[in-house]
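Colleague:
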Amino acid sequence: MTVSSPEDSSQKLIDQFGRAVDYIRLSITDRCDFRCQYCMGEDMTFLPRDEVLSLEECARLVRIFVRLGVRKVRITGGEPLVRKNAMWLFDEIGHLQGLDELVLTTNGSQLGELAQPLKAAGVKRINISIDSLKPERFRQITRTGRLEQVLAGLEASIHAGFEGIKINTVLMRGINDDEAVDLVRFAIDKHIDISFIEEMPLGEVNHNRNNTQVSNTDTLKLLQSKFVLTPSAETTGGPAKYWRVADTQTKIGFISPHSHNFCESCNRVRITCKGELYLCLGQEDKIELMPLLRAHPDDDTPIILAIQDSMRIKPKGHDFDLMRAQPAVVRFMSHTGG
Ligand code: SAM
Ligand code: SF4
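The working numbering numbers the first residue of the sequence shown as 1 and each following residue consecutively.
(1) Three or more C-beta pairs under 8 angstroms: does that hold for the segment 56–68 against the segment 95–104?
(2) Counting only runs that start and end within the segment 185–269, where is the beta strand (DSSP E) found for 3 or more residues in a row?
(3) Is it right to say SER232 is buried, meaning 16 or more other beta carbons lie within 10 angstroms of its own, or is it exposed?
(4) Do GLU163 and LYS124 have their beta-carbon atoms positioned less than 8 angstroms apart in this structure?
(5) Counting only the same chain and skipping the five closest in sequence on each side, list residues whose C-beta sits under 6 angstroms from that of VAL70.
(6) Ends of the alpha helix (DSSP H) at THR301?
(7) Among the candidates ARG31, PHE138, ARG35 and VAL184, whose CA atom is the shortest distance from the CA of TRP243?
(8) From LEU289, ILE197 and GLU276, pick the residue whose C-alpha is nearest to that of ILE252; which is it?
(9) Verify whether the separation of the beta carbon atoms of ASP344 and LEU133 is less than 8 angstroms.
(10) Can you give the Cα-Cα distance for GLN283 and ILE271, rounded to whole angstroms?
(11) Can you check which of these residues, ILE28, ARG173 and ARG83, is closest to ASP218 by C-alpha distance?
(12) Based on the DSSP output, what are the partners of GLY164 in its beta bridges?
(13) Looking only at its own chain, which residues have a Cβ that is under 6 angstroms from the Cβ of LEU289, when we skip the five neighbours before and after it?
(14) Could you give the distance in angstroms between the alpha-carbon of LYS166 and the alpha-carbon of ILE128?
(15) By alpha-carbon positions, which one of LYS72, VAL62, THR29 and ALA121 ends up nearest to ARG83?
(16) Considering only C-alpha positions, which residue in the set HIS159, ALA180 and ASP177 is nearest to LYS190?
(17) Is the closest heavy atom of ligand 1 to the C-beta of ILE24 under 7 angstroms?
(18) For GLN16, name the three-state secondary structure that DSSP assigns.
(19) Classify ARG25 as helix, strand or coil using the three-state DSSP reduction.
(20) Short check: CB of ILE14 to CB of VAL62, under 8 angstroms?
(21) Can you tell me whether DSSP reads PRO6 as helix, strand or coil?
(22) Considering only C-alpha positions, which residue in the set LYS241, LEU229, GLN249 and ASP178 is nearest to ALA187?
(23) Quickly, what does DSSP pair LYS286 with across the bridge? List them, please.
(24) Can you tell me the Cα-Cα spacing of ASN176 and THR169, whole angstroms?
(25) Please determine whether the Cβ atom of VAL170 lies at a distance below 7 angstroms from any heavy atom of ligand 1.
(26) Which residue spans inside the segment 65–141 form an unbroken alpha helix (DSSP H) run of at least 4?
(27) Taking just the CA atoms, how far does ARG60 sit from ALA295?
(28) At the level of alpha carbons, what is the spacing between PHE17 and LYS316?
(29) How would you label PHE254, buried or exposed, when you count the other beta carbons within 10 angstroms and need 16 or more for buried?
(30) Sort GLN140, GLY78 and ASP300 by Cα distance to GLY108 and report the nearest one.
(31) ARG146: beta carbon under 7 angstroms from a heavy atom of ligand 4?
(32) Hey, would you say ARG74 sits closer than 8 angstroms to ASN267, going by beta carbons?
(33) For GLN116, which residues of its own chain have a beta-carbon under 6 angstroms away from its beta-carbon, when the five flanking residues on both sides are left out?
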């Protein structure tokens, strides 16, 4: 097979169900300065350095995917901003021709220093994870995080002038589910958006996640009793539904990964920090890109062909099943990046 020019539409990534893949989520590290209860164990063993993609390999992959029609890249982790020299990567890919949106998901701990350089590098939008506005509780959920530091990072981001800032919140029954209204009020106050993510059955096998799960249907009902919400037609091709809060600049997103409604329009794939290309968050189908990157340092063709070929195995939908005793997918979110 010949590999043609970037403009050639035959190179676009179209899967077996006709869905165009134009969005990648790239995890650049499995490490993190926090240990959120729903994401990591208390004692984590992280990958040795040589089993993680180098930043050069990350940049190379992004360039390849953009050549294959990808228009949006989300950098995630682990905590992407604790990776040494992470800024080098943002500077390298931020202004790539053909890339419409470079976005970031972060716990916010490093944004006090990095918000401005990230904006300058070309990052358009930032998601910051905040599960509680109570310092003690925040510490309990994240095990090591300091709310004050994250809020300073949020302020620095507002000041830096990103096109969009969104809070990501995982509500957990009996832990922080009494803060939904306060978190929305906070977002309204700051003129930013907020999304509620349902806790997913990922991570440690022996953690019974059903106990703390809060359904977005219940959260929506609660918020509708406090705010005037109008459904928004906006879609990202992902598992989020959006509502506008009347007379504010704030949108509320509900990310319900257990619902199958979004699989038909799925436009994304995920790359772990080990270079595994996962075709679906809830399935095990993947290909290994690291060996190809390392075996062909000067020739992108084998990597392009493997990525194109992977479109044949992108599953129709995911398979989360909360009734099972064990999580459907036992994979730490810090590997796949959420
Ligand atoms: N460290 C960054 C952060 O916390 O935003 C980026 C990586 S983190 C894995 C990405 C997102 O996944 C965060 O918003 C986090 O709340 C979410 N997340 C992690 N584990 C989760 C789980 N089991 N269920 C639902 N969301 C989860
Ligand atoms: Fe770290 Fe993000 Fe996972 Fe929390 S959710 S432990 S901040 S990677």
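The C-beta atom is built at its ideal place from N, Cα and C for all residues, glycine as well.
Only a predicted model underlies this, so the values are computations on that prediction, with no experimental measurement involved.
Modeller: By the coordinates alone:
(1) By the criterion of at least three beta-carbon pairs nearer than 8 angstroms, the segment 56–68 is in contact with the segment 95–104.
(2) For the segment 185–269, whole beta strand (DSSP E) runs of length 3 or above, ordered along the chain, are 193–197, 229–232, 240–245 and 251–255.
(3) Exposed.
(4) Yes, these two residues count as a Cβ contact at 8 angstroms.
(5) Here the set comprises ASP22 and ILE24.
(6) 301–310 is the span of the alpha helix (DSSP H), which, as asked, contains THR301.
(7) That would be VAL184, whose Cα lies nearest to the Cα of TRP243.
(8) It is ILE197.
(9) Here the chain has residues from 1 to 338 only, and residue 344 is not among them.
(10) Here the C-alpha atom of GLN283 lies approximately 13 angstroms from the C-alpha atom of ILE271.
(11) Measuring from the Cα of ASP218, the nearest candidate turns out to be ARG173.
(12) Per DSSP, ARG125.
(13) Same-chain partners within the cutoff: GLY275 and LEU277.
(14) Whole-angstrom Cα-Cα distance: 6 angstroms.
(15) Ranked by Cα distance from ARG83, the options LYS72, VAL62, THR29 and ALA121 are led by THR29.
(16) Per the Cα distances, HIS159.
(17) Outside the cutoff, so no.
(18) In this structure, GLN16 counts as coil in the three-state DSSP scheme.
(19) DSSP places ARG25 in strand when its eight states are reduced to three.
(20) With contacts defined as CB atoms closer than 8 angstroms, ILE14 and VAL62 fail to qualify as a contacting pair.
(21) Low per-residue confidence applies at PRO6: pLDDT is 45, beneath 50, and the placement is therefore not dependable, though the value from the model is reported in the following sentence. In the structure shown, PRO6 sits in coil (DSSP, three-state: anything other than H, G, I, E or B).
(22) Residue GLN249 holds the alpha-carbon nearest to the alpha-carbon of ALA187 among LYS241, LEU229, GLN249 and ASP178.
(23) According to DSSP, which records beta bridges pairwise, LYS286 is partnered with TYR278.
(24) Approximately 10 angstroms, taken between the alpha carbons.
(25) With a cut-off of 7 angstroms, the C-beta of VAL170 is classified as near ligand 1, since at least one heavy atom of the ligand falls inside that distance.
(26) As for any alpha helix (DSSP H) of minimum length 4 sitting wholly inside the segment 65–141, the runs are 86–93 and 111–121, ordered along the chain.
(27) Between ALA295 and ARG60, the C-alpha separation is close to 14 angstroms.
(28) Between the alpha carbons of PHE17 and LYS316 lies a distance of about 7 angstroms.
(29) Flag for PHE254 reads buried.
(30) The shortest Cα separation from GLY108 among GLN140, GLY78 and ASP300 belongs to GLY78.
(31) As for ligand 4, it is missing from this structure, which binds only ligand 1 and ligand 2.
(32) Taking a C-beta distance under 8 angstroms as the contact criterion, ARG74 and ASN267 do not qualify as a contact pair.
(33) Excluding sequence neighbours, GLN116 sits near ALA160.
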